[in-house]
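Reading through the structure tokens given below for one structure.
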Amino acid sequence: MLNKKKLCAFLDKFEEYVPALSFSAPFLSNIALYYAGFAFVKNPYKSFLFAALQVLYLFVSLYFANKLWQERGAQKKNWLKCVGMGWVFVFCFAFSAVQFGYSWILFRTAAIFAIMGIPSIIAGAICGMNNKSDMFSLLERLCFFILPAVFSYIVMIIFDISPFTSTHSLGSVSLGRISYLGVAYGLLPFLFSCIICYLDERPGFGNIRTLENNRVIRPFMVLLLLAAITLSGGRGPFFCFVLFVVLCAFYYVLKIKRKISIPEGIVMGAVILIMLLPFQTILFDKNGILPGKAMYAVRMTFFLKHLDKGELITTDEDPAIINAFNIKKLVEAPVDYHDEEINLIKAKALSRSTLFKLAIGEFLKNPVTGMGPLGFTIKYGNYPHNIMLEALADLGVIFGGVFIFAVIGSFLKFFYYSLKDKNVAYMMLFLSGYFIMFMASGSMWSSSVLLFIVAYSMSYKANM
């Protein structure tokens, strides 16, 4: 018979991991299934086991939410704010079901919120109430679990021997059933954490205790993780890293001002060279300087070539189909349209610039109330890839404006307290690195990072 006290005592050992897992649980689950052999070809077992692992994390998070609710009576107001935010999302999903009917898109998004979003709200609240939680050191330790997969991924791409080459029009290499973007975005929290631990000179990279060894080992870990992200061809994760490095450089100059040793300088120079790899195709050739297909180079060159013309084109589109006239036709069509010509246009509307134009058009069509929760995704089968435009298109200027204000207000609060609290400063650097993802890839309805940010901001004041 299950002993409740023993189970609770066992779970209590993992409380500090809840915030770290809010950023890494899906990727760690995928890597575990990859090692176990479930993630090489499409199969129902992988999907079931992945969902089961996320549900397990959800229940563990709910256990700690209940525990902290009982222990911290003075902070219950902050918990209620976070719970209220969760109920707002539940109401939006219910409203969407009434307005547009039940659909696979609604079910999938609501399920993602339940098994990933709710734990992120709890993790954000836990981190805010206990801002001394060493989330970054824990993420750094977890790097050892993913290292074999990262190393094999780099080798497969460099030598062009991967059996997992994607059929994506611009080319990309997956890691089994883990998409190239799943790999790249999944590695970001580990990469950011290694850099933060390096800047803060935190002891204990695994079993390596001496500071001098940490100063050398950590940059090499950064080198490895960055190589995997860059070679994956994921442009969003790459630019997230660039933004994060720029912000860290400012913080380093203004706050830390520590001398860099020669070994550190050598590794940092290698990091800079890897950062420049996607851009070297402009100077050399479309295949890059590495063996293999160098899909990272093809994707970046395609993007930069159009950006140089003032166009934000991220994938192949037929200009004869995707033009101002047809975009207007799409916007004017109702959500539940049944028109073969419009369906053809919609199927080709894949580039970020087109999705942005559609979101702006939908917002101008209904500026006050918007389309309704998840309206854009239900209509187009894709989300705008920009949380601000998605908020305005789906919720209008009133409710969408409240959402945008909450996100911007959270970062302003981080900035204010970062001047007084080093832990908040590092958290702000960590979360700011995801800004590019919010602006070019994320969805407000399924972004666990976004939920963590707002929950952390709501609950932080209790520490001051």
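With this note's numbering, you'll find the sequence shown wraps up at 458, consecutive numbering, no jumps.
Each residue gets a CB set at the ideal place from its N, CA and C atoms; glycine is no exception.
Backbone secondary structure at Val167 - three-state DSSP: Numbered from its first residue, the sequence shown carries residue 167 at position 173. DSSP places Val167 in the strand class (E or B) of the three-state scheme.
Check this for me: beta carbons of Phe397 and His379, under 9 Å apart or not? Taking the sequence shown and counting its residues from 1, the one referred to as residue 397 is at position 403. Taking the sequence shown and counting its residues from 1, the one referred to as residue 379 is at position 385. Against a cut-off of 9 Å, the Cβ pair of His379 and Phe397 comes out as no contact.
Beta-carbon separation (whole angstroms), Tyr192 vs Ala419, contact threshold 8 Å: Your numbering for residue 192 matches position 198 in the sequence shown. Your numbering for residue 419 matches position 425 in the sequence shown. Not quite, the Cβ-Cβ distance comes to about 15 Å (not below 8 Å), so this is no contact.
Using only CA atoms, which one of Ser347, Arg346 and Gly394 lies nearest to Gly369? Along the sequence shown, read from residue 1 onward, the residue named residue 369 stands at position 375. If we check each option's Cα against that of Gly369, Gly394 comes out closest.
In whole angstroms, what separates the C-alpha of Lys462 from that of Gly78? In the structure as shown, the chain begins at -5 and stops at 458. Residue 462 is therefore absent and cannot be evaluated.
Residue from Asn60, Phe87 and Asp128 with nearest C-alpha to Leu74: Position 80 of the sequence shown, counting from 1, holds the residue named residue 74. Among Asn60, Phe87 and Asp128, the Cα nearest to that of Leu74 is on Asn60.
Identify whether Ile172 lies in helix, strand or coil by the three-state DSSP scheme. Position 178 of the sequence shown, counted from the first residue, corresponds to residue 172. Correct three-state label for Ile172: strand.
Could you check which residue in Phe186, Ile321 and Ile151 has the C-alpha nearest to that of Leu169? In the sequence shown, counting from the first residue as 1, residue 169 sits at position 175. That would be Ile151, whose Cα lies nearest to the Cα of Leu169.
Given Lys359, which residues of its chain have a CB within under 7 Å of its CB, disregarding the five upstream and five downstream residues? Working through the sequence shown from its first residue, we reach residue 359 at position 365. Within the same chain, Val325 come within 7 Å of Lys359 by CB-CB distance, once the 5 residues on both sides are set aside.
Assumed close pair Phe214, Ile223 - CB separation to whole angstroms, cut-off 8 Å: Within the sequence shown, numbered from 1, the residue matching residue 214 stands at position 220. Within the sequence shown, numbered from 1, the residue matching residue 223 stands at position 229. So it is not a contact: roughly 15 Å between Cβ atoms.
Helix, strand or coil, according to DSSP, for Asn380 in the structure here? As a working mapping, residue 380 is identified with position 386 in the sequence shown. Here Asn380 sits in coil by DSSP.
To the nearest angstrom, how far is it from the Cα of Asp194 to the Cα of Leu218? In the sequence shown, the residue the question calls residue 194 occupies position 200. In the sequence shown, the residue the question calls residue 218 occupies position 224. Using only the alpha carbons, I get a separation of about 20 Å.
Which runs of the beta strand (DSSP E) at least 3 residues long sit entirely within the segment 376 to 438? Give them in chain order. none
Output the distance between the C-alpha atoms of Ala449 and Leu52, rounded to the nearest integer angstrom. Counting from 1 along the sequence shown, the entry for residue 449 is found at position 455. Counting from 1 along the sequence shown, the entry for residue 52 is found at position 58. Note on geometry: alpha-carbon atoms of Ala449 and Leu52 lie some 16 Å from one another.
So, are the CB atoms of Ile190 and Phe424 less than 9 Å apart? Locating residue 190 in the sequence shown gives position 196, where the first residue counts as 1. Locating residue 424 in the sequence shown gives position 430, where the first residue counts as 1. Cβ atoms of Ile190 and Phe424: closer than 9 Å.
Note the first and the last residue of the continuous alpha helix (DSSP H) segment covering Ile106. For this step, residue 106 is matched to residue 112 along the sequence shown. Its alpha helix (DSSP H) spans residues Trp98 to Ile106.
Alpha carbon to alpha carbon, what distance is there between Ser453 and Met123? For the purposes of this step, residue 123 is taken as the residue at position 129 of the sequence shown. For the purposes of this step, residue 453 is taken as the residue at position 459 of the sequence shown. Taking the straight line from one Cα to the other gives about 6 Å.
Which listed residue (Leu1, Ser97, Ile148 and Ala88) has its alpha carbon closest to that of Leu225: Along the sequence shown, read from residue 1 onward, the residue named residue 225 stands at position 231. Of the candidates Leu1, Ser97, Ile148 and Ala88, the one whose C-alpha sits nearest the C-alpha of Leu225 is Ile148.
For the segment 406 to 416 against the segment 427 to 435, do three or more pairs of beta-carbon atoms, one drawn from each stretch, fall closer than 8 Å, so that the two count as touching? no
Same chain, Cβ closer than 8 Å to Pro367, neighbours up to 5 away in sequence not counted: Within the sequence shown, residue 367 is the residue found at index 373, counting from 1. These residues qualify, in order along the chain: Cys86, Phe87, Phe89, Ser90, Gln93, Asp388, Leu389 and Trp439.
Should Gly436 be flagged as near chain D, meaning a C-beta pair shorter than 9 Å? In the structure shown, chain D does not exist; there is a single protein chain.
Going straight from the alpha carbon of Val12 to that of Cys188, what length do you get? The residue given as residue 12 occupies position 18 in the sequence shown. The residue given as residue 188 occupies position 194 in the sequence shown. Answer to the nearest angstrom: the Cα atoms are 18 Å apart.
Determine the extent of the alpha helix (DSSP H) in which Glu356 is found, giving its start and end residues. Translated into positions along the sequence shown, residue 356 becomes position 362. Residues Arg346 to Lys359.
Are at least three pairs of beta-carbons, each pair with one atom in the segment 175 to 188 and one in the segment 14 to 21, less than 8 Å apart? Flag = yes, the segment 175 to 188 and the segment 14 to 21 touch.
Looking at Ile120: is its Cβ nearer than 9 Å to the Cβ of Phe58? Against the sequence shown, residue 120 aligns to sequence position 126. Against the sequence shown, residue 58 aligns to sequence position 64. Taking 9 Å as the Cβ cut-off, Ile120 and Phe58 qualify as a contacting pair.
9 Å Cβ cutoff met for Met129 and Gln48: Along the sequence shown, one-based indexing puts residue 129 at 135. Along the sequence shown, one-based indexing puts residue 48 at 54. Going by C-beta atoms, Met129 is not nearer than 9 Å to Gln48.
To the nearest angstrom, how far is the alpha carbon of Ser146 from that of Gly228? Indexing the sequence shown from 1 puts residue 146 at position 152. Indexing the sequence shown from 1 puts residue 228 at position 234. So the two alpha carbons sit approximately 18 Å from each other.
Excluding five sequence neighbours on each side, which residues of the same chain lie with their C-beta closer than 6 Å to the C-beta of Met422? Numbered from 1 along the sequence shown, position 428 holds the residue referred to as residue 422. Correct list, in chain order: Phe408 and Ser412.
In whole angstroms, what separates the C-alpha of Leu383 from that of Pro231? Counting from 1 along the sequence shown, the entry for residue 383 is found at position 389. Counting from 1 along the sequence shown, the entry for residue 231 is found at position 237. Each residue's Cα considered, the two are about 20 Å apart.
Do you know offhand how far Gln64's Cα is from Ala45's? By one-based count along the sequence shown, residue 64 stands at place 70. By one-based count along the sequence shown, residue 45 stands at place 51. Going by C-alpha positions, Gln64 is about 29 Å away from Ala45.
May I ask you to report which of helix, strand or coil DSSP gives Ile155? Residue mapping note: residue 155 aligns to position 161 of the sequence shown, counting from 1. Here Ile155 sits in coil by DSSP.
For Ser41, count neighbouring C-beta atoms within 10 Å of its own C-beta (all shown protein chains included) and say buried if the count is 16 or more, exposed if not. Here residue 41 is taken as the residue at index 47 of the sequence shown, counted from 1. Exposed is the call here.
Alpha-carbon to alpha-carbon, Ser451 and Phe399: Position 405 of the sequence shown, counting from 1, holds the residue named residue 399. Position 457 of the sequence shown, counting from 1, holds the residue named residue 451. Roughly 13 Å separates the two Cα atoms.
To the nearest angstrom, report how far apart Phe233 and Lys0 are at their CA atoms. Residue mapping note: residue 233 aligns to position 239 of the sequence shown, counting from 1. Residue mapping note: residue 0 aligns to position 6 of the sequence shown, counting from 1. Looking at the two C-alpha atoms, the distance is approximately 46 Å.
Out of Pro197, Ala221, Arg196 and Ile155, point me to the one whose CA is closest to Leu185's CA. Taking the sequence shown and counting its residues from 1, the one referred to as residue 185 is at position 191. Comparing Cα positions, the closest option is Ala221.
Close Cβ partners of Leu445 (< 7 Å) along its chain, the five nearest in sequence each way excluded: Working through the sequence shown from its first residue, we reach residue 445 at position 451. Cβ neighbours of Leu445 beyond the five flanking positions: Gly111, Ser114, Ile115 and Gly118.
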